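A short worksheet on the structure shown next.
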Amino acid sequence: MAVQIEGKREVRHIPAEDEHFLDQAERELASGAPPGGVPPQVALIAPLDPLVWDRRLVRDLFGFDYLWEVYVPEGKRRWGYYVLPILFGDRFVGRIEPRIDRKAGVLRVLGLWWEKGFSPRRNADLRDALDGALEAHRQFAGVKKIARLPKRSAT
């Protein structure tokens, strides 16, 4: 099924059986309901996840400019070696650099950056949702604990 994105020249395609997702999204937007009818959750998006394959589309639709900097020389990196986009509900709100230290049994948060215009303090659901995403990441890594940044560094 062809889909025209308002304000964009190119045509995108979705499977015809997924058209009901577009209808649902339109109803949710019109009513102000959260996506899927549930409070927003946090997902840490892997750099090779299909959601971020088309960097230009992500930038155009979400205003989120993402570059996986693993191949960028260290001195030229803006964010870090293995920084993941943070998706909160239907919005990219920041970036996080988690590092798995299997030897020590720790998931370390090396960096956390919020997108311009997003205030984590104004989103009551964010803290619990981010905690849930980090806990899922910790379990996936098979480590025992999470070590977070000092509060002063998490801006």
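Its first residue numbered -16, the sequence shown is counted upward by one per residue in this note's numbering.
No residue lacks a Cβ here, since even glycine has one placed at the ideal position from N, Cα and C.
Being a predicted model, the structure only gives us computed values, none of them experimental.
(request) With distances taken Cα to Cα, identify the nearest neighbour of Y54 among F47, D48, W62. (result) If you number the sequence shown from 1, residue 54 lands on position 71. When each option's Cα is compared against that of Y54, the closest is W62.
(request) May I ask you to list the residues that DSSP assigns as paired with K128? (result) On the sequence shown, position 145 is the one that residue 128 refers to. K128 pairs with V89.
(request) Drop a sphere of 10 angstroms on the beta-carbon of I(-12), count the other beta-carbons inside from all chains shown, and report buried for 16 or more, exposed for fewer. (result) Within the sequence shown, the letter at position 5 stands for residue -12. By the 10 Å Cβ count, I(-12) comes out exposed.
(message) For V41, report the span of its alpha helix (DSSP H) as first-last.
(response) One-based indexing of the sequence shown puts residue 41 at position 58. Bounds of the alpha helix (DSSP H) holding V41 are 38 to 45.
(message) With DSSP as the reference, identify every bridge partner of P81, one or two as the case may be.
(response) To locate residue 81, count along the sequence shown from 1; it is residue 98. Partner(s): V92.
(request) Could you check if F123 is buried or exposed, using at least 16 other CB atoms within 10 Å of its CB as the buried criterion? (result) As a first step, residue 123 is located in the sequence shown; it is residue number 140 there, counting from the start. So F123 ends up on the exposed side.
(message) Measuring alpha carbon to alpha carbon, tell me which residue in V41, V21, K128 is nearest A87.
(response) Within the sequence shown, the letter at position 104 stands for residue 87. Of V41, V21, K128, the residue nearest in Cα terms is K128.
(message) Can you give me the C-alpha to C-alpha distance between W97 and R110, rounded to a whole angstrom?
(response) One-based indexing of the sequence shown puts residue 97 at position 114. One-based indexing of the sequence shown puts residue 110 at position 127. Distance between the alpha carbons of W97 and R110: 13 Å.
(message) What does the alpha-carbon distance come out to for the pair D27 and R91?
(response) Within the sequence shown, the letter at position 44 stands for residue 27. Within the sequence shown, the letter at position 108 stands for residue 91. It is Leu, not Asp, that sits at residue 27 in the sequence shown. Approximately 14 Å between the Cα atoms of the pair.
(message) Taking the beta strand (DSSP E) that R(-5) belongs to, which residues open and close that run?
(response) Residue numbering aside, residue -5 sits at position 12 when the sequence shown is read from its first letter. Segment -6 to -4, the beta strand (DSSP E) holding R(-5).
(request) Note the first and the last residue of the continuous beta strand (DSSP E) segment covering Q(-13). (result) Residue -13 sits at position 4 when you count from the first residue of the sequence shown. Counting along the chain, the beta strand (DSSP E) containing Q(-13) begins and ends at -15 to -13.
(message) Beta-carbon within less than 7 Å of D43's beta-carbon, same chain only, minus the 5 sequence neighbours each way: which residues are those?
(response) Position 60 of the sequence shown holds residue 43. The beta carbon of D43 sits closer than 7 Å to the beta carbons of K(-9) from its chain, once the five residues preceding and following it are set aside; these are given in chain order.
(request) Please report how far the alpha carbon of V126 lies from the alpha carbon of L117, in whole angstroms. (result) Taking the sequence shown and counting its residues from 1, one reaches residue 126 at position 143. Taking the sequence shown and counting its residues from 1, one reaches residue 117 at position 134. For V126 and L117, the distance between alpha carbons rounds to 12 Å.
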